[in-house]
Structure formats: C-alpha cells, structure tokens
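K.L.:
All residue numbers for the sequence shown refer to this note's numbering, where the first residue is 38 and numbers rise by one.
C-beta atoms are modelled at their ideal positions from N, C-alpha and C, and glycine is treated no differently.
I have a structure I would like to understand better, so I am pasting it below and will then ask my questions one at a time.
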Amino acid sequence: MRPSQVHVRGLPLPDLLLELLDAAAWPPSGDTATPWFEDPMDFLAGIDEIRRESAALLHLSEDPATADLFRLARGSQSPDLVELPWLDIELAVLIAVNRHAGDDIAIALDYRRGSADPAVVASDPCTGWRMIAPAFSALAASLGLHGHRRYHYVGPDDLLRSGGLGCPITSHEDLAAWLARQDDHDRLEPFTFVIDQSTTLRLAPQRSEHVVCAGGAPVLSAGEITFERDGDVWRVREISNQSTGYCPDVSSWSAVRTALDGAGLDHPGAFTLPIVFRRCPRCGQLNIVKDDHFHCAVCDADLLDRGAVGSLVSGTVVADERPFGPRIRLDGDLASTPAHIRDYPWHGTRAEAARIGQRVTGEVVSVDTERIWLSLAATEHPELWTFLKGLRAGEVLTGRIADVQNFGVFVALDEGPPHPTYPGVGFVTTPELSWKHFEQVTDVVRSGQPVRGEVLAFDTYNGEARLSLRALQPDPFQVFADEAEVGQQFPGVVTKVVPFGVFVRIADGVEGLIPSKGVQPGDSVQVSIVELDRDRRRLLLTRVR
C-alpha cells in the first residue's frame with residue numbers, strides 16, 4: 038500500500054496526482070494535452086520517473102552558465118526570495134519534459150505558493166519560467182482529469198470492528214451473478230452501496246452498514262441503490278446518497294457515475310433522491326434535510342440560525358460564571374442560550390472588556406451543546422479579523438522578519454493590515470522555522486530577512502496568522518528515505534539522551550532513536566536501520582559494535 042504521502046526530493050506530491058496515478062489516469066494522453074509549446078512533451082508516467090528527472094535539476098544548477106540559461110536558482114543560497122521567471126529548484130518537481138533532445142522545455146510543480154496543491158510552471162530558454170496553472174488541481178481540470186473527494190466514517194466506533202466487505206461490481210456479469218444469490222423479494226428492495234477508493238462499486242444486502250460494506254475505509258460515495266430488470270439486462274432504477282455513517286455530499290455523484298459507467302451499468306444520470314446533510318450548531322446532531330425543513334430533529338433549532346458561526350450578535354454582560362467567565366445574555370431569540378467570550382480584545386484587560394451591565398458585540402466563533410462562544414476581537418479590529426479569517430490553510434504569504442524571539446519570530450506581512458500590538462501579523466513558532474536542527478533562532482533567520490510561509494491556522498486569541506517556513510522547504514527525512522533501507526549502516530553522532538534511549542544524527546536533519554544507553558552526547562557511533570516510517574518521520578536504529 039502506498040503511504041499517505043509520497044515525497045520527491047523532500048517535497049510532497051499532490052494527493053490528486055497520487056489519485057490519478059492510482060487510477061491509471063496519469064499521464065494525460067495525446068499531444069493535445071500540451072498546448073503550452075509547439076514542440077511535443079512527455080508527461081512523466083510514474084513516481085520513479087518524476088524522481089529521476091527532478092534530480093537532474095540539481096546537476097543543471099551546478100554550472101553557472103547552464104543555471105543562467107535555464108533560469109535555475111537555489112533558494113537556500115540566494116540572499117532574496119527566488120521569483121519567476123527563475124525557478125527555485127529546491128522547491129520544484131518536474132512532471133513533464135521535452136520529447137526531443139535540444140528542445141529544452143519542461144513543466145514543473147512549483148512549491149513556492151504552497152505544498153498541498155502547488156502551482157504549475159513551464160519553461161523554455163526564450164522566456165524562462167512562467168505560470169501555466171495556479172495549482173495542480175487547476176492543471177488537471179484543464180486537461181479533463183478529475184479526482185474525487187474522500188469521505189471518512191463518522192458513526193459509532195463499535196461498527197468498525199464488524200467484519201465483512203461489500204461485493205465488488207466491475208461488470209454487468211458481476212452484478213447479475215450477485216443479484217442471483219439474493220432472495221427474490223430482496224432484489225426489489227434498496228441495497229447498501231459504497232464507492233471505494235479505487236472507484237469500484239461495492240454492494241451489500243439491504244440494511245447492511247455502509248462502513249462494513251467499505252471495510253472501515255474511506256469512500257468516494259455511499260448510499261442506497263435499487264435495480265430493475267429489462268429482459269436479461271439489469272439497470273439502476275433509483276439511487277441516493279443516504280448514508281449517515283459517511284454523509285457524502287450530492288457532488289459525490291461524479292464518483293458514482295465513474296463506477297457505474299466503468300461497470301457498464303445503465304443509470305439515471307444523477308441521484309434520484311439527493312440527500313442534504315446539515316449539522317445543528319446548537320446540539321451537534323447531524324440532520325438529514327428534507328423538503329427544505331431546516332430544523333434540528335433533536336432540539337428543533339433553526340439550522341439557519343442567526344447564532345450560527347460567523348454571525349454578529351450583541352448582548353449584555355449579566356454575571357461572572359466560573360469557570361466560563363463573563364456570561365452574556367444575547368438579544369432577541371438567542372436570549373435563552375448562554376453566551377461566553379472566547380477571544381477578548383487585543384487591547385486592554387479582560388476586566389475592562391466585560392464588566393457586568395456592559396453592552397458587547399462579538400462574532401460567533403463556535404457553538405457547543407449548551408453555549409455560544411464569542412470573539413470580541415472580531416469587532417475590535419474588523420479589518421484585521423476579516424483578513425485573517427479569509428486565510429486558508431496551505432495558502433502562502435510573504436513578508437519580512439519583524440522581530441526575533443527565542444519562542445519564534447514575528448513576520449510583517451506584505452499584504453493585509455498591521456497588528457495593533459505585535460510587530461507583525463504573521464508568527465512562526467521555533468519548530469516551524471526549519472526541518473534541520475539549530476541552536477539559536479538567529480541560526481535560521483535574521484531581522485529584516487524576506488520570507489515565504491505557509492498558513493497553518495488563524496490564531497484568534499492573539500490575532501495572528503500562524504505560519505510555517507519549513508512547510509515550503511524540502512523535508513530532509515524524506516530525501517534520506519528515498520535512498521535508505523532497513524539494514525543499511527551509517528556513522529552517526531549522539532545528540533540527546535532521553536529516558537527511553539538516545540537520539541543519533543546520521544544525516545543533516547535526520548535523527549533516529551536507539552532504545553538503549555551507554556553513550557553520551559557527542560559520541561560517534563555506527564548504527565543500522567531497524568525501522569523507517571516515512572509517514573510519521575520516525576527512524577529506529579540499533580548500534581553496530
């Protein structure tokens with residue numbers, strides 16, 4: 038089984054690319070898939086090809102004349118950020134190359150704009166590198182290649198322990214044989230179905246649990262399906278996405294269509310009974326919305342309630358209710374629901390912000406089973422709050438280091454309003470500065486240095502955009518794992534002694550654990566790899582004497 042992420046030179050390949058490779062939908066076929074150049078190109082057909090061709094970027098950059106010709110630079114050796122029309126080869130992976138020698142054209146994933154769905158750039162010696170798609174998903178869509186969203190099980194854990202797996206249906210013959218094994222009456226009733234991660238239809242008898250049909254794995258869709266017979270041909274009569282175990286969106290029909298078409302089964306062309314799922318913001322109950330009745334089946338709350346997350350509400354501080362803090366009686370229909378403050382203003386003290394009898398206005402940031410939680414910071418600096426709330430995880434921001442502290446660095450962003458209190462709106466914690474070990478923060482960054490960081494989260498408490506610099510750097514562990522194997526030996530240096538063993542550095546940015554002691558930091562040892570876990574970045578070693 039392929040690991041959840043595959044890295045090339047320490048950079049994670051997009052999930053969509055891996056899905057397309059698994060589905061044999063990559064590379065795109067035909068010269069019409071390369072409209073950016075007159076000369077033909079070849080998309081790289083597998084991970085090994087991508088690794089091999091991408092490694093050539095390092096060799097090309099070693100010769101200054103060649104690097105200048107192809108606009109190749111190494112970001113770690115540049116005093117400033119590397120921008121187009123130059124390519125930062127440390128943050129690039131090739132996915133297509135020239136078919137004929139001498140054409141010198143290529144297409145690459147450009148991780149400077151994000152690691153989850155990197156941009157796509159193309160090059161030729163005349164123009165340098167230019168963007169041809171803002172994200173790999175956009176490139177795939179332009180080529181008519183589409184992946185499917187995965188839905189994870191959200192029901193009771195005890196069902197995960199149930200055995201069984203639905204019958205795979207890959208042809209009309211498979212369906213006819215499976216239906217022949219069912220009772221005559223059951224053939225007219227809805228069956229349980231899932232579309233597994235290989236886009237295969239799986240069937241189970243009526244009232245079977247979807248998670249059992251899927252073997253506990255994520256699915257591309259799930260629901261109920263009914264068949265009808267016309268002579269010797271079975272076709273889909275009715276189909277819905279009704280599965281409270283997975284709650285697939287109606288947009289999952291694209292995966293269902295792919296599976297049914299692949300099996301050669303006639304179908305209606307859409308869900309005949311589309312189901313809309315909506316979670317109650319008050320009690321958390323998952324509801325199936327029918328006939329536009331947007332009310333919770335448990336507490337009868339309006340599923341379009343004005344107290345929903347993101348709405349602005351006002352009220353009066355009426356009590357100090359420990360351990361929740363000041364209690365606010367909201368105006369209007371929400372008066373019966375207790376409200377409390379999660380994020381206080383960034384200026385002043387908490388006591389000044391919420392005195393008994395004081396009127397306050399805040400934005401609803403969360404709703405649990407009994408309370409509504411507000412942010413007063415949202416209304417104190419609405420421009421900054423709106424900017425931060427609009428950020429998305431994986432987005433890339435640029436700026437300059439504004440202040441260096443032992444616990445992290447503040448970044449003055451190039452876009453957005455300034456922070457009312459801190460030197461910068463962006464903040465990078467120490468572990469997110471680099472994959473590599475360092476003693477001082479100033480070993481990695483300096484004040485005034487231009488940086489590019491990937492958004493991790495919006496810190497509502499401090500009003501900051503939490504950033505990661507290392508997310509846009511090649512992971513040295515993954516680079517090491519490309520070449521290393523169990524049993525291979527390396528010289529290393531002991532870096533730390535812990536209660537359960539010692540850590541040994543065997544490559545730059547790569548440390549492993551020996552579950553024994555008897556050595557001290559600084560000692561040189563010879564070790565062998567016992568276990569290598571790429572997904573969790575864990576390396577278990579044993580000492581070779």
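If contact is defined by three or more beta carbon pairs under 8 Å, each pair taking one atom from either stretch, is the region 464–474 in contact with the region 502–511?
P.N.:
Touching, per the Cβ criterion.
K.L.:
Specify whether the region 406–423 and the region 434–443 touch according to this definition: at least 3 beta carbon pairs, one from each stretch, less than 8 Å apart.
P.N.:
No, the region 406–423 does not touch the region 434–443.
K.L.:
List the whole-angstrom C-beta distance separating V547 from P513, where the pair is believed to meet the contact cut-off of C-beta under 8 Å.
P.N.:
The count along the sequence shown starts at 1 and reaches residue 547 at position 510. The count along the sequence shown starts at 1 and reaches residue 513 at position 476. 6 Å between Cβ atoms; contact.
K.L.:
By Cβ distance, which residues of its chain are closer than 6 Å to T466, with the 5 residues on each side in sequence left out?
P.N.:
Reading the sequence shown from its first residue, position 429 is the one you call residue 466. G445.
K.L.:
Which of the three DSSP states is assigned to H44 in this structure?
P.N.:
The residue given as residue 44 occupies position 7 in the sequence shown. Note: H44 maps to strand in three-state DSSP.
K.L.:
Can the beta-carbon of A213 be found less than 8 Å from the beta-carbon of W271?
P.N.:
Taking the sequence shown and counting its residues from 1, one reaches residue 213 at position 176. Taking the sequence shown and counting its residues from 1, one reaches residue 271 at position 234. Yes; because the gap between Cβ atoms is below 8 Å, this pair is in contact.
K.L.:
Let me make sure I understand the geometry here. Which of R542, A133, A129 and S160 has the alpha-carbon closest to that of Y148?
P.N.:
Taking the first residue of the sequence shown as position 1, residue 148 is located at position 111. Ranking the options by Cα distance to Y148, first place goes to A129.
K.L.:
Please list, in chain order, all residues of the same chain as L297 whose beta carbon is under 6 Å from its beta carbon, the five residues on each side excluded.
P.N.:
Position 260 of the sequence shown, counted from the start, is the residue given in the question as residue 297. Excluding positions up to five away in sequence, the list reads H304.
K.L.:
Going by beta carbon distance, what residues of the same chain come within less than 7 Å of L53, once the five residues before and after it are set aside?
P.N.:
Your numbering for residue 53 matches position 16 in the sequence shown. The residues are F173, S174, A177 and G184.
K.L.:
Identify every residue that forms a DSSP beta bridge with Y188.
P.N.:
Within the sequence shown, the letter at position 151 stands for residue 188. Y188 is bridged to V256.
K.L.:
Got a sec? Which residues, its chain only, sit under 7 Å from T69 by beta carbon, not counting five neighbours each side?
P.N.:
To locate residue 69, count along the sequence shown from 1; it is residue 32. Note that T69 scores a pLDDT of 43, beneath 50, so its modelled location is shaky and nothing firm can be said.
K.L.:
Exposed or buried, Y498, counting other C-beta atoms within 10 Å across all chains shown (16 or more means buried)?
P.N.:
Along the sequence shown, one-based indexing puts residue 498 at 461. With fewer than 16 other Cβ atoms within 10 Å, it is exposed.
K.L.:
According to DSSP, R167 sits in a beta bridge with which residue or residues?
P.N.:
Here residue 167 is taken as the residue at index 130 of the sequence shown, counted from 1. According to DSSP, which records beta bridges pairwise, R167 is partnered with A159.
K.L.:
For the region 548–561 against the region 521–534, do three or more pairs of beta-carbon atoms, one drawn from each stretch, fall closer than 8 Å, so that the two count as touching?
P.N.:
These segments touch.
K.L.:
For R39, collect the residues of the same chain with a Cβ closer than 6 Å to its Cβ; drop the 5 residues on either side in sequence, then sort them by chain order.
P.N.:
Start at 1 with the first residue of the sequence shown, and residue 39 comes out as number 2. Its pLDDT being 40, under 50, R39 is placed unreliably in this model, and the coordinates cannot settle the point.
K.L.:
How is T423 classed by DSSP in three states: helix, strand or coil?
P.N.:
To locate residue 423, count along the sequence shown from 1; it is residue 386. Helix.
K.L.:
Specify the secondary structure class of A502 as computed by DSSP and reduced to three states.
P.N.:
Taking the sequence shown and counting its residues from 1, one reaches residue 502 at position 465. Three-state result, A502: strand.
K.L.:
Output the residue ranges of the beta strand (DSSP E) runs that lie fully inside the region 454–497 and measure 3 residues or longer, sorted by chain position.
P.N.:
Runs found: 463–466 and 487–496.
K.L.:
Please determine whether the Cβ atom of A61 lies at a distance below 7 Å from any heavy atom of the ligand SAM.
P.N.:
For the ligand SAM, the structure offers nothing, since it holds no ligand at all.
K.L.:
Considering just the uninterrupted stretch of the alpha helix (DSSP H) at W123, what are its terminal residues?
P.N.:
Against the sequence shown, residue 123 aligns to sequence position 86. Unbroken run through W123: none, as it is neither H nor E.
K.L.:
Which value, in whole angstroms, describes the spacing of the CA atoms of A391 and V397?
P.N.:
On the sequence shown, residue 391 is found 354 positions in, with the first residue counted as 1. On the sequence shown, residue 397 is found 360 positions in, with the first residue counted as 1. If you take the alpha carbons of A391 and V397, they lie about 8 Å apart.
K.L.:
Quick one, which of F517, E420 and Q525 has its alpha-carbon nearest L48's?
P.N.:
Against the sequence shown, residue 48 aligns to sequence position 11. Of the listed residues, the one whose Cα sits closest to L48 is F517.
K.L.:
What is the DSSP secondary structure of L607, counted as helix, strand or coil?
P.N.:
Absent from the structure is residue 607, since the part of the chain shown begins at 38 and ends at 582.
K.L.:
Alpha carbon to alpha carbon, how far is H332 from N278?
P.N.:
Residue numbering aside, residue 332 sits at position 295 when the sequence shown is read from its first letter. Residue numbering aside, residue 278 sits at position 241 when the sequence shown is read from its first letter. Spanning the two alpha carbons is a distance of roughly 20 Å.
K.L.:
So, for H247: in the same chain, excluding its five sequence neighbours on each side, which residues have a beta-carbon less than 7 Å away from its beta-carbon?
P.N.:
Counting from one through the sequence shown, the residue named residue 247 turns up at place 210. So the qualifying residues of the chain are T229, V231, A259, S280, G282 and Y283.
K.L.:
Identify whether T69 lies in helix, strand or coil by the three-state DSSP scheme.
P.N.:
Reading the sequence shown from its first residue, position 32 is the one you call residue 69. Its pLDDT being 43, under 50, T69 is placed unreliably by the model, and the measurement read from it follows with that caveat. Looking at T69 - three-state DSSP - the assignment turns out to be helix.
K.L.:
Since R274 is in the beta strand (DSSP E), which residue starts that stretch and which ends it?
P.N.:
Taking the first residue of the sequence shown as 1, we reach residue 274 at position 237. Unbroken beta strand (DSSP E) run through R274: V270 to S277.
K.L.:
Contact defined as beta carbons within less than 8 Å: I believe E400 pairs with A415. What is the distance between those atoms, to the nearest angstrom?
P.N.:
Here residue 400 is taken as the residue at index 363 of the sequence shown, counted from 1. Here residue 415 is taken as the residue at index 378 of the sequence shown, counted from 1. Rounded, the Cβ-Cβ distance is 4 Å, consistent with contact.
K.L.:
Contact check, V523 vs V567 under 8 Å by CB: the rounded distance?
P.N.:
The count along the sequence shown starts at 1 and reaches residue 523 at position 486. The count along the sequence shown starts at 1 and reaches residue 567 at position 530. Correct: roughly 7 Å between the Cβ atoms.
K.L.:
Quick one: what does DSSP say D380 is sitting in, helix, strand or coil?
P.N.:
Reading the sequence shown from its first residue, position 343 is the one you call residue 380. D380: strand per DSSP, three-state reduction.
K.L.:
On a CA-only basis, which of P51, V45, A145 and G299 is nearest F3? Give me that one, please.
P.N.:
A question about residue 3 goes unanswered here, because the residues of the chain that appear run from 38 up to 582.
K.L.:
Looking only at its own chain, which residues have a Cβ that is under 6 Å from the Cβ of S160, when we skip the five neighbours before and after it?
P.N.:
For this step, residue 160 is matched to residue 123 along the sequence shown. For S160, where only same-chain residues beyond five positions count, the Cβ hits under 6 Å are A143 and W166.
K.L.:
Can you tell me the Cβ-Cβ gap for R571 and Q515, rounded? I've got them flagged as a contact below 8 Å.
P.N.:
Numbered from 1 along the sequence shown, position 534 holds the residue referred to as residue 571. Numbered from 1 along the sequence shown, position 478 holds the residue referred to as residue 515. Indeed they touch by this definition, with Cβ atoms about 7 Å apart.
K.L.:
So for D79, helix, strand or coil by DSSP?
P.N.:
One-based indexing of the sequence shown puts residue 79 at position 42. Residue state, collapsed to three classes: strand.
K.L.:
What would DSSP say about D586, mapped onto helix, strand or coil?
P.N.:
Since the first residue shown for the chain is 38 and the last is 582, residue 586 is missing from the structure and cannot be characterised.
K.L.:
So for E127, helix, strand or coil by DSSP?
P.N.:
Position 90 of the sequence shown, counted from the start, is the residue given in the question as residue 127. Helix at E127.
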